[in-house]
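Residue numbers (my numbering), protein chains in the order written: chain H, 11 to 122; chain E, 16 to 129. A short worksheet on the structure shown next.
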Amino acid sequence: KQEVTQIPAALSVPEGENLVLNCSFTDSAIYNLQWFRQDPGKGLTSLLLIQSSQREQTSGRLNASLDKSSGRSTLYIAASQPGDSATYLCAVGGDSWGKLQFGAGTQVVVTP
Amino acid sequence: EAGVAQSPRYKIIEKRQSVAFWCNPISGHATLYWYQQILGQGPKLLIQFQNNGVVDDSQLPKDRFSAERLKGVDSTLKIQPAKLEDSAVYLCASSIGGRGNTIYFGEGSWLTVV
């Protein structure tokens, strides 16, 4: 059974620092991995989708890497801003129907 | 492009009562998901539809939860009777279909059972 873990559960950084968020999974037989952002009282917003054949994806200040063999993904957010404060969740796609297995998330606070 | 619509946004009910949530996915999306997110946890898949058919409902508590997707578009999730542990956010999501496609979430329906 796939298990997805995100450590740390919470993180606080001063504005301008780079953020590094970690995600680990136990079963390397995945189709893809997706990073989401969740603001308080809101649904999830997709940030980046990495297919299993890819090593990384980039969008603006965001970069996500994937190492299937070690069961790890890392989300980098460059030059953090207070608007980046949110909970970030990673989710692993483990079957052909697109079903996702989520981690519990990392709550990020960026202080001005 | 309109996103995934859900209603009601908030609901408070007493235990043993019933509640229903409605979801309208993004137009043209064949796959529809219902997730349950308990405070402090990641979302857990309850049921997944591909068009009208159920693909996965292995984690749906079928003695109290039911879901249907009408004509392959809108969907309703019903809980009857509700328990205290059903207090959670119920997230509807949709995608074009299959693996490798981005999944889009609605803002969720917040349920409190007292």
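Here a beta-carbon is modelled for each residue, glycine too, at the ideal position from N, C-alpha and C. Predicted model, so just to flag it, every value in this text is computed and none were measured.
Looking at chain E, which residues of the stretch 37–57 of chain H have a Cβ within less than 9 Å of any of its Cβ atoms? For the stretch 37–57 of chain H, the residues whose beta carbon sits under 9 Å from a beta carbon of chain E are, in order, 41, 42, 44, 46, 48, 51, 52, 53, 54, 55, 56.
Which residue's Cα is closest to the Cα of residue 64/H: 121/H, 103/H, 42/H? 42/H
Apply the 10 Å Cβ neighbour rule to residue 54/E and answer buried if 16 or more other Cβ atoms are within range, or exposed otherwise. exposed
Top-ranked residue by Cα proximity to residue 77/E, from 99/E, 84/E, 62/E, 67/E: Minimum Cα-Cα distance from residue 77/E among the listed residues 99/E, 84/E, 62/E, 67/E corresponds to 62/E.
Could you tell me which residues DSSP pairs with residue 25/E in its beta bridges? 125/E
Could you check the C-alpha separation between residue 24/H and residue 99/H for me, to the nearest Å? 21 Å
So what's residue 109/H in DSSP terms, helix, strand or just coil? Coil at residue 109/H, not helix or strand.
Use the C-beta contact count for residue 27/H: other C-beta atoms within 10 angstroms, 16 or more gives buried, fewer gives exposed. exposed
So which residues on chain H does residue 120/E lean against when the C-beta distance must stay under 7 Å? 53, 54
Residue-level contact to chain H via CB, residue 74/E, 8 Å cutoff: Not an interface residue.
Kindly identify the DSSP beta-bridge partner or partners of residue 34/E. 94/E
Within chain E, partners of residue 112/H - CB distance below 7 Å: 57, 58
Do you know offhand how far residue 121/E's Cα is from residue 76/H's? 27 Å
So, are the CB atoms of residue 116/H and residue 44/H less than 8 Å apart? It is not a contact, given that the beta carbons lie outside the stated cut-off.
Determine whether the Cβ of residue 59/H lies closer than 8 Å to any Cβ atom of chain E. yes
Once DSSP output is grouped into helix, strand and coil, what is the label at residue 86/E? helix
If you drop the 5 nearest sequence neighbours on each side, which residues of the same chain put their C-beta closer than 6 Å to that of residue 22/H? 119
If you measure from the beta carbon of residue 70/H to each beta carbon in chain E, is any gap under 8 Å? no
Where residue 24/H falls: helix, strand or coil (DSSP): strand
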